[in-house]
Each structure stands twice: as C-alpha cells, then as structure tokens.
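K.L.:
Residue numbers (the working numbering): 368 to 562.
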Amino acid sequence: MNPAMPEALAPQINAHFNGKFEVELKYHLLDRHAFFAALQMRNPEAMLEDNLEHDCYFDLPSQSLKGEHKSLCIREMQPSGIMLWIVKGPEKDRCEAVNITEATKAKSMLQTLGYECVLEIKKRRSIYFLGEFHLTIDHIEGLGDFAELAIMTNDETLLPKYEVQLQQLAADLGLSEVQREWLSYRQLQQALNNK
C-alpha cells in the first residue's frame, strides 16, 4: 500500500479494484448535478471526492502498444496520494492496476526502457461504491463530464452478467443509451488533439 494513501481506503480499494477483467460503462453527463442527485438517493459510499488525477500514457516510438490494443498508464492522484500502474488490453475487458509508491521513478524506468509519455490526461474524479459496483463522476479537461459504472473480477464468465446489471443500474440512475460513450478517455483525448 502506498504510504501516502490513507489507511482507511485500503479495504475499499482491495474490495473493489481487484481482478484482471473490468466491465465498464461510460456515459456523457448532460447534467452532472442531476446525476449526482440521483446517485445520492441510493446512499452511495464515498471513497474519494474531487480528486485530481494526472494520467501519463506510455508507448514505444513505434506505437507498438497502441498497435496491439494495449495501454500502459502511470496515474497520480491528489490529494489522496494514490499512485497506480495501469495496464489495459488487448481484450476490451482486460484491465489490471497495482499501487506504486514512486510515480516519478516508475516513469523514469519506463523512459530508460525506451518508452515515452505519448499522452497526458487530467481529470477531476469522485469515486463512489454502490454494493459491489464502483461509480466515478469525472470532469475531463476539454471533454466535459462523464459517469463510469464498473466492476472488476477475476472470473471472465461473469462479464456478461455484470454488463446487464450495470446497464440496469445506469437506467435506474437516469442514464440513457444515447448518452453512452464507447471510446476510452484516451481515444477521446487523442481525437480532440488531432482536430
């Protein structure tokens, strides 16, 4: 556990963010305040509110990770002090994260291996728990407000069941399929940068 991370967060992180697979549904928020009010009606457990996250995505100059549908990210969160090494792909549901204690050193090690930071994303994120699911409310610089509903698991056979449950939860919270965002924040940011 990261020494800067409050000990109180350890059980939540261990319970909600373990697994090799993640079902995640992302929605554009038309009204952030209305969504938050709908969420509050369900009495969520707050993990973090208004944390600032700085994601640095790494790849080789050949963009080989991108070509293999993989991503490698070092995430720094303030004021919580959480630092994560996150790898996603190649399957859309494959996601693993591990706490690290020195993000600057991890970035330096990647650069020594020939990787470079190819994209940076900054967001303001609040994380809540509803039973076994975790929800985030995000504001991404240049992209707007989003909600993500997700669950992680080591059991790949549960993914279809969780997807149906998350779709129902989204509907219960007033989110519609027309608000659904199929692209990752990385893809959205890259598209914005290429305009």
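Built from N, CA and C at the ideal position, the CB exists for glycine as well.
Which stretch, first to last residue, makes up the alpha helix (DSSP H) that contains Y552?
P.N.:
Here the question's residue 552 lines up with position 185 in the sequence shown. Y552 -> alpha helix (DSSP H) spans 552 to 560.
K.L.:
Do E420 and M450 have their beta-carbon atoms positioned less than 8 Å apart in this structure?
P.N.:
Walking along the sequence shown from the start, residue 450 turns up at place 83. Walking along the sequence shown from the start, residue 420 turns up at place 53. Not in contact: M450 and E420 (Cβ atoms no closer than 8 Å).
K.L.:
Is the CB-CB distance between C462 and F388 below 8 Å?
P.N.:
Walking along the sequence shown from the start, residue 462 turns up at place 95. Walking along the sequence shown from the start, residue 388 turns up at place 21. Yes. Within cutoff.
K.L.:
Compute the distance between the beta-carbons of L396 and A470, then report whether it is under 8 Å.
P.N.:
Start at 1 with the first residue of the sequence shown, and residue 396 comes out as number 29. Start at 1 with the first residue of the sequence shown, and residue 470 comes out as number 103. No.
K.L.:
Within its chain, find whatever has a CB closer than 7 Å to the CB of I507; leave out the 5 residues flanking it on each side and keep chain order.
P.N.:
Position 140 of the sequence shown, counted from the first residue, corresponds to residue 507. Counting only Cβ-Cβ distances below 7 Å, and skipping sequence neighbours, we find I488, K490, F513, Y552.
K.L.:
Can you give the Cα-Cα distance for S475 and T468, rounded to whole angstroms?
P.N.:
Position 108 of the sequence shown holds residue 475. Position 101 of the sequence shown holds residue 468. Going by the C-alpha atoms only, they are around 13 Å apart.
K.L.:
Out of N385, L477, V390, point me to the one whose CA is closest to W549's CA.
P.N.:
One-based indexing of the sequence shown puts residue 549 at position 182. The residue with the shortest Cα to Cα distance from W549 is V390.
K.L.:
Cα-Cα, which of S543, A537, L510 is closest to Q556?
P.N.:
Walking along the sequence shown from the start, residue 556 turns up at place 189. Answer by Cα proximity: L510.
K.L.:
Please report the Cβ distance between L392 and L516, rounded to the nearest whole angstrom; I am assuming they are in contact, meaning their Cβ atoms lie under 8 Å.
P.N.:
In the sequence shown, the residue the question calls residue 392 occupies position 25. In the sequence shown, the residue the question calls residue 516 occupies position 149. With 8 Å as the limit, L392 and L516 qualify as a contact, their Cβ atoms being about 5 Å apart.
K.L.:
How would you label S493, buried or exposed, when you count the other beta carbons within 10 angstroms and need 16 or more for buried?
P.N.:
For the purposes of this step, residue 493 is identified with residue 126 of the sequence shown, where counting begins at 1. With 16 or more other Cβ atoms within 10 Å, it is buried.
K.L.:
Just to confirm the assignment, what range does the alpha helix (DSSP H) spanning Y495 have?
P.N.:
Translated into the one-based positions of the sequence shown, residue 495 becomes position 128. No alpha helix (DSSP H) contains Y495, which is instead part of the beta strand (DSSP E) from 483 to 497.
K.L.:
Evaluate K455 with the Cβ neighbour count: other Cβ atoms within 10 Å of its Cβ, from every protein chain shown; 16 or more gives buried, anything less gives exposed.
P.N.:
Taking the sequence shown and counting its residues from 1, one reaches residue 455 at position 88. That one is buried.
K.L.:
Could you tell me if A404 is buried or exposed, where buried requires 16 or more neighbouring beta carbons within 10 angstroms of its beta carbon?
P.N.:
By one-based count along the sequence shown, residue 404 stands at place 37. That one is exposed.
K.L.:
On the premise that L497 lies in contact with P428, defined as a C-beta separation below 8 Å, what is that separation, rounded to the nearest angstrom?
P.N.:
Stepping through the sequence shown from its first residue, residue 428 is reached at position 61. Stepping through the sequence shown from its first residue, residue 497 is reached at position 130. 42 Å between Cβ atoms; not a contact.
K.L.:
Terminal residues of the continuous alpha helix (DSSP H) containing E463?
P.N.:
Residue numbering aside, residue 463 sits at position 96 when the sequence shown is read from its first letter. Segment 462 to 466 is the beta strand (DSSP E) holding E463; no alpha helix (DSSP H) there.
K.L.:
Under 7 Å Cβ to Cβ from L540, same chain only, skipping five residues before and after it: list those, please.
P.N.:
Within the sequence shown, numbered from 1, the residue matching residue 540 stands at position 173. Within the same chain, L540 has close Cβ partners F402, A405, L406.
K.L.:
Would a C-beta distance cut-off of 8 Å place Y482 and D422 closer than the cut-off?
P.N.:
By 1-based counting over the sequence shown, the position of residue 482 is 115. By 1-based counting over the sequence shown, the position of residue 422 is 55. No. Outside cutoff.
K.L.:
Leaving out five residues before and five after Q430 in sequence, what residues of the same chain have Cβ atoms less than 8 Å from its Cβ?
P.N.:
Along the sequence shown, one-based indexing puts residue 430 at 63. Excluding residues within five positions, the ones whose Cβ falls inside 8 Å are V485.
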